[in-house]
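> Encoded as C-alpha cells, here's the structure I'll be asking about.
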Amino acid sequence: MPFEESKDISGAKELLLEKTLEFYKMNGRKPLALVRSFGCQQNVSDGEKLKALLDKIGFGFTEEPEEALLIIYNTCAVRENAEDRVFGNIGQLKKLKEKRPELIIGICGCMAQQEHIAQKVKESYRYVDLVFGTFAYNDLYQMLWKVMGQHERVFNQTDKYSDINEELTQLRDDKVKAFVPIMYGCNNFCTYCIVPYVRGRERSRKPENVIAEVKKLVSEGYKEIMLLGQNVNSYSYGFTSLLREINRIEGDFRVRFMSSHPKDAGRDLIDTILECDKVCKHLHLPVQAGSDEILKAMNRRYTVEKYMEIIDYARAKAPDFSFTTDIIVGFPGETYEQFCRTKELIKRVKYDNIYSFVYSRRSGTPAAKLPDDISDKQKGLWLRELILEQREVTSEWLGRFVGRELRVLVSGDGRKGEGWLTGKSGEDIIVEFKGGRELIGQFVNVRIVKAMNWALEGTVL
Ligand code: SF4
Numbered sequence: 001m002p003f004e005e006s007k008d009i010s011g012a013k014e015l016l017l018e019k020t021l022e023f024y025k026m027n028g029r030k031p032l033a034l035v036r037s038f039g040c041q042q043n044v045s046d047g048e049k050l051k052a053l054l055d056k057i058g059f060g061f062t063e064e065p066e067e068a069l070l071i072i073y074n075t076c077a078v079r080e081n082a083e084d085r086v087f088g089n090i091g092q093l094k095k096l097k098e099k100r101p102e103l104i105i106g107i108c109g110c111m112a113q114q115e116h117i118a119q120k121v122k123e124s125y126r127y128v129d130l131v132f133g134t135f136a137y138n139d140l141y142q143m144l145w146k147v148m149g150q151h152e153r154v155f156n157q158t159d160k161y162s163d164i165n166e167e168l169t170q171l172r173d174d175k176v177k178a179f180v181p182i183m184y185g186c187n188n189f190c191t192y193c194i195v196p197y198v199r200g201r202e203r204s205r206k207p208e209n210v211i212a213e214v215k216k217l218v219s220e221g222y223k224e225i226m227l228l229g230q231n232v233n234s235y236s237y238g239f240t241s242l243l244r245e246i247n248r249i250e251g252d253f254r255v256r257f258m259s260s261h262p263k264d265a266g267r268d269l270i271d272t273i274l275e276c277d278k279v280c281k282h283l284h285l286p287v288q289a290g291s292d293e294i295l296k297a298m299n300r301r302y303t304v305e306k307y308m309e310i311i312d313y314a315r316a317k318a319p320d321f322s323f324t325t326d327i328i329v330g331f332p333g334e335t336y337e338q339f340c341r342t343k344e345l346i347k348r349v350k351y352d353n354i355y356s357f358v359y360s361r362r363s364g365t366p367a368a369k370l371p372d373d374i375s376d377k378q379k380g381l382w383l384r385e386l387i388l389e390q391r392e393v394t395s396e397w398l399g400r401f402v403g404r405e406l407r408v409l410v411s412g413d414g415r416k417g418e419g420w421l422t423g424k425s426g427e428d429i430i431v432e433f434k435g436g437r438e439l440i441g442q443f444v445n446v447r448i449v450k451a452m453n454w455a456l457e458g459t460v461l
C-alpha cells in the first residue's frame, strides 16, 4: 500500500520520544541507530539529515550492528555493484533480526526510491521493516512510528516532492569539512543515469538559507565547505553570485563545489573561481567520454571541442589550473577507436585526477535499452589502459608543483606510514608530509619536494 493511502499519524514525533525515553529508563542509555551511506556526497549529506532527525527523537549512534536498535542503509542507485553491496549487507542482518526481533531494519535513498527494488525487498527480504525513497524524508517520524508503534512494514516510494524543508538540518560526523546541498535533482537526463528518475527535477535552495548555513558552519570552526548539487551551474538563483556572496563571509575557510555540467560551465565560472580567494582553484568537470559520437549517445549536449573551450580559457588565465573528471568506459556501441579518443583527451587536458568507471546498465534509463555489447573483460582491459595513461599524465603534470608552497588542509594519517600526515591542497591534490597529529583539522603550508602519480610529497613550513 503506498504510504499516502495509509492512515495519518499525528504526533508521531512525540510518540517516538516517549518510546526512546522508555528505552532509556529501562536500559540506562539511549537506543542506538546505525545510519550507513553507500553513495555520493549528496547521499552522505542525506544520511546526515536522517541522523539529525533521529537525534531529535532521542537516538544515539553506533557503527556496530550488534548494538543498534535501528539500522538504516542509505543507498545509491548509480552503480550496480553499489546495489549488490547493499543486498549483501542486508542479507547479513537476517541472523541478527532472528536473534533480536525488536531490531528495526530500513533501506532508504536512491535505490529504495525504485518500485522494483521495493518489490524485491517486500517479497524476498521479509525481515526488512522500512523502505523509503528520496522524497520521503519529511515523513520519517510517521513511518518510524508505524514500524515501532504499530508493528507494520512500511514502503514509501512517493515521487511527490514538496518545497525544500529548511527545518531538516544535518548531524555531521566530520568537524572540519561540511557538505552543504544547494540544490536537489537533475534536469539533464544523460542516457546512462538514473538520478533524474530517483531524485526528481531540479529544485534550488534560496541563497539566503545557504549563506546562513555556511556562516554558521564557519562560526563553528569548519574549514572546508563543499557546495553540492547534481549540476551546480544551473542553480536557479545564479551560482557565480552565490560563490561571490560566500566568498565575502569572514573567516579562515575554503569553498569547493560539485558537480559542474560542461554544457553549463561558462567563462564566468572560471573568472569567479580565479577572483574569489576562498574558492578552490580547481574544477571537477565530468567529461564522461572523449568522442563526440559517444557524448551524443549519452545525451551530454556538448562536443569535445566545446568542452576544451572552457579548459583552454582557464589555462590561458591560470596555466596550472587544476581539473579533475569522471569517465565512463565501454558505453554501449563504443569502439576501441572511440575509447582511444578518451585517452587522447586525458593527455590534452592534463587532469590532476580522474574517476573512471566501467559502464554499468541501470534499468529504467534510455541506455538500458541499448545492447550492452562490450564484454566485462573488455571493459576491464580498457579501464586498466585508461588508468595507466592517466597515471603517466598525472605524475608528469603534478611536477609543476615541485619547489612551490601549497596550503593544505590536514585530514588525517598519511598513507606513507608512521609520522606521515595527509591532506588536500586547494587544487584538490593529495599532499603527504611529516608532522604531528595535532595538525589534523588545520591549514598548513607545505613546500612540495616530490610528485608521485597519485599525490605530492612535501615538508611543512
Ligand atoms: S547531469 Fe547527467 S549524469 Fe549528472 S546527475 Fe544529471 S543526468 Fe545524471
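Each residue of the sequence shown is one higher than the one before, counting from 1 in the working numbering. Cβ atoms here follow ideal geometry from the backbone N, Cα and C, with glycine treated the same way. The structure displayed is predicted, hence computed values, not measured ones.
What separation, rounded to the nearest whole angstrom, lies between the Cα atoms of Asn165 and Thr134?
Answer to the nearest angstrom: the Cα atoms are 13 angstroms apart.
> Thinking C-alpha only, which one of His261, Leu283, Ile211 is nearest Arg248?
Checking every option, the nearest Cα to that of Arg248 belongs to Ile211.
> Enumerate in chain order the residues of its own chain whose CB-to-CB distance from Glu102 is below 6 angstroms, with the five nearest sequence positions on each side excluded.
Cβ within range, chain order: n/a, list empty.
> Assign Asp8 to one of three DSSP states: helix, strand, or coil.
Caution is warranted here: a pLDDT of 46 is assigned to Asp8, below 50, making its placement in the model unreliable, and no coordinate value can be reported.
> Using the three-state DSSP reduction, which class does Ser124 fall into: helix, strand or coil?
Here Ser124 sits in helix by DSSP.
> Taking any heavy atom of the ligand SF4 as the mark, which residues have a C-beta closer than 6 angstroms to it, listed down the chain?
Result: Cys186, Asn188, Phe189, Cys190, Cys193, Val195, Pro196, Gln230, Asn231, His261.
> In three-state DSSP terms, what is Glu220?
In the structure shown, Glu220 sits in coil (DSSP, three-state: anything other than H, G, I, E or B).
> Rounded to a whole number of angstroms, what is the C-alpha to C-alpha distance between Tyr302 and Gln288?
So the alpha carbons of these two residues sit roughly 11 angstroms apart.
> Find out if the Cβ-Cβ distance for the pair Ala178, Tyr235 is shorter than 8 angstroms.
No, these two residues do not count as a Cβ contact at 8 angstroms.
> Between which two residues does the beta strand (DSSP E) harbouring Met258 extend?
Segment 254-258, the beta strand (DSSP E) holding Met258.
> Alpha carbon to alpha carbon, how far is Phe357 from Asn156?
Their Cα atoms are separated by approximately 31 angstroms.
> Going by other Cβ atoms of all chains shown within 10 Å of its Cβ, with 16 needed for buried, is Asp46 buried or exposed?
Burial call: buried.
> Please check the pair Thr272 and Leu227, which I expect to be a contact at CB under 8 angstroms, by giving their CB distance rounded to whole angstroms.
Incorrect: roughly 12 angstroms between the Cβ atoms, too far for contact.
> If you run the structure through DSSP and keep just helix, strand and coil, what is Ile387?
Correct three-state label for Ile387: helix.
> Just checking my contact of Val449 with Val402 at CB under 8 angstroms: how many whole Å lie between their CB atoms?
About 7 angstroms separates the two Cβ atoms, so the contact holds.
> Measure the C-alpha to C-alpha separation of Gly106 and Glu337 and round it to an integer number of angstroms.
Going from the Cα of Gly106 to the Cα of Glu337 covers about 45 angstroms.
> Tell me the rounded alpha-carbon separation between Glu18 and Asp173.
One C-alpha to the other measures close to 26 angstroms.
> For Asn353, which residues from the same chain have a beta carbon less than 6 angstroms from its beta carbon, with the 5 sequence-adjacent residues on both sides left out?
Closer than 6 angstroms at Cβ, skipping near neighbours: Thr324.
> Since Asp264 and Asn231 should fall inside the 8 angstroms C-beta cutoff, what is the C-beta to C-beta distance between them, to a whole number of angstroms?
The pair is a contact, with the Cβ atoms about 6 angstroms apart (cut-off 8 angstroms).
> Assign Phe3 to one of three DSSP states: helix, strand, or coil.
With a pLDDT of 39 at Phe3, under the threshold of 50, the modelled position of this residue cannot be trusted; read the value that follows with caution. Three-state result, Phe3: helix.
> Taking 8 angstroms as the threshold, find out whether the stretch 180-199 comes into contact with the stretch 51-58 through three or more Cβ pairs.
Cβ pair count under 8 angstroms is below three, so no.
> Could you pull the start and end residues of the alpha helix (DSSP H) that Tyr307 belongs to?
Per DSSP, Tyr307 belongs to the alpha helix (DSSP H) from 304-317.
> Less than 7 angstroms between C-beta atoms, sequence neighbours within five positions excluded: which residues of the same chain meet that for Phe189?
Once the five neighbours on either side are set aside, the close Cβ partners of Phe189 are Pro196, Asn299.
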